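Q: With my numbering applied, the sequence shown closes on residue 534, and no number is skipped along the way.
One structure follows; several queries about it will come next.
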Amino acid sequence: MLSISGLSKSYGKSCVLKNVSVSYRAGQIHGLVGDNGAGKTTLLGCIAGYKGYAGSIERAGIKSVGLLPAEPYAFPRVTGREFISFCLNAKKVEASSAEINALNALFELPLEKYAAHYSTGMLKKLHIMSLILQKNDLLLLDEPFNGLDISSSSYVTEMLKKLRQKEVIVIVSSHALHHLSGFCDTISFVHGGAVDFLPSRENFGALIKTIELQAQSKIEGYFQLRSAAS
């Protein structure tokens with residue numbers, strides 16, 4: 305169980321998250337949605353432990369945390385295979401070449417080439433591979449599907465479903481609400497410094513409808529103003 309209580313985070317005088325309290329259970333995939341700048345990345349950073357915050361986060365039974373940043377990086381003059389080895393050594397986890405190659409059969413990365421030469425999508429796949437091989441108890445994925453091709457996006461989605469069966473806590477940040485609603489068990493909507501927790505798929509439809517109606521209203525208002533101005 306991951307339990308967040310009274311979490312607040314500010315950058316200077318700007319409060320991004322205010323008194324957030326929410327819990328995430330193991331064996332579930334938890335979606336995280338919200339507008340740009342709403343605080344999704346900040347919340348994941350606080351959970352991962354590399355951003356300071358007020359409040360408390362309890363990681364009961366969680367020994368290893370894996371974080372996929374929204375903009376993954378690569379060390380210079382390090383091959384993809386060496387990058388994976390570095391990530392495994394950091395967590396003191398072993399993986400055979402056969403296991404690495406079997407996973408790479410899905411993502412088809414040139415592991416013997418320098419990772420710094422990878423495209424954004426390839427680099428994201430390299431990080432995802434490393435996180436899967438690390439066998440983390442908690443996975444924090446910030447925009448994992450951005451930049452992925454259709455096949456890789458499907459592989460990642462199905463892989464997350466398999467990890468759910470292994471009692472891993474998976475938190476996925478994405479702007480693709482319809483995609484998340486198809487495989488997530490819960491969704492957290494980050495807005496105005498708060499987090500609205502939707503505990504089941506029965507609640508997802510109402511959120512989607514609300515966002516669609518807001519979009520329709522604003523678009524209609526725009527075209528009315530444009531017509532009046534012309």
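Cβ atoms here follow ideal geometry from the backbone N, Cα and C, with glycine treated the same way.
Every value quoted in this text rests on a predicted model; they were computed, and no experiment measured them.
Rounded to whole angstroms, what is the Cα-Cα separation between residue 459 and residue 431?
A: Residue 459 and residue 431: Cα-Cα distance of roughly 14 Å.
Q: Ends of the beta strand (DSSP E) at residue 382?
A: From DSSP, residue 382 is part of no beta strand (DSSP E); its letter is neither H nor E.
Q: Count the other CB atoms within 10 Å of the CB of residue 416; is the residue buried (16 or more) or exposed (fewer)?
A: So residue 416 counts as exposed.
Q: Using only the alpha-carbon positions, how far apart do residue 515 and residue 493 sit?
A: So the two alpha carbons sit approximately 11 Å from each other.
Q: Roughly how many whole angstroms lie between the Cα atoms of residue 350 and residue 342?
A: Distance between the alpha carbons of residue 350 and residue 342 is about 14 Å.
Q: Using DSSP's beta-bridge definition, name the partner residues of residue 502.
A: According to DSSP, which records beta bridges pairwise, residue 502 is partnered with 491.
Q: So what's residue 416 in DSSP terms, helix, strand or just coil?
A: Residue state, collapsed to three classes: coil.
Q: Run through the segment 448-496 for me and flag every whole beta strand (DSSP E) of 3 or more residues, listed as ranges in chain order.
A: Counting only runs of 3 or more, we get 473-477 and 490-495.
Q: Which value, in whole angstroms, describes the spacing of the CA atoms of residue 419 and residue 408?
A: If I take the Cα positions, the gap works out to 14 Å.
Q: Please list the segments of the beta strand (DSSP E) lying wholly inside the segment 320-351, counting only runs of 3 or more residues, in order along the chain.
A: Whole beta strand (DSSP E) segments, 3+ residues: 332-338.
Q: Pick out whichever of 400, 380 and 352 has its Cα sitting closest to the Cα of residue 367.
A: Residue 352 is the option with its Cα nearest to residue 367.
Q: Start and end of the beta strand (DSSP E) containing residue 308?
A: Here the beta strand (DSSP E) through residue 308 covers 306-315.
Q: Below 8 Å on the Cβ atoms is my guess for residue 372 versus residue 444; work out the distance and round it to an integer in Å.
A: Contact holds; Cβ gap of about 7 Å.
Q: Quick test of your reading: residue 330 and residue 473, contact by CB under 8 Å. State the CB separation rounded to the nearest angstrom.
A: About 5 Å separates the two Cβ atoms, so the contact holds.
Q: Report all residues from its chain with a CB closer than 6 Å to the CB of residue 497; omit the five preceding and five following residues, and keep chain order.
A: Excluding residues within five positions, the ones whose Cβ falls inside 6 Å are 319, 321 and 322.
Q: Does DSSP put residue 362 in a helix, a strand or coil?
A: It is a strand residue.
Q: Apply the 10 Å Cβ neighbour rule to residue 467 and answer buried if 16 or more other Cβ atoms are within range, or exposed otherwise.
A: Buried, since its Cβ has 16 or more Cβ neighbours within 10 Å.
Q: According to DSSP, is residue 509 part of a helix, a strand, or is it coil?
A: Here residue 509 sits in helix by DSSP.
Q: Would the beta-carbon of residue 438 fall within 7 Å of that of residue 465?
A: Result no, Cβ atoms of residue 438 and residue 465 do not sit closer than 7 Å.
Q: Note the first and the last residue of the continuous beta strand (DSSP E) segment covering residue 370.
A: Note, residue 370: beta strand (DSSP E), 369-372.
Q: Helix, strand or coil for residue 565? Go by DSSP, reduced to three states.
A: No answer is possible for residue 565: it lies beyond the span of the chain, which begins at 305 and ends at 534.
Q: Buried or exposed: which applies to residue 495, given that a residue is buried once 16 or more other Cβ atoms fall within 10 Å of its Cβ?
A: Residue 495 is exposed by the Cβ-count criterion.
Q: Less than 6 Å between C-beta atoms, sequence neighbours within five positions excluded: which residues of the same chain meet that for residue 334?
A: These residues qualify, in order along the chain: 328, 475 and 490.
Q: Could you give the DSSP three-state label for residue 401: helix, strand or coil?
A: Residue 401 falls in the helix class under three-state DSSP.
Q: Which term fits residue 340, buried or exposed, when burial requires 16 or more other beta carbons within 10 angstroms of its beta carbon?
A: Residue 340 should be labelled exposed.
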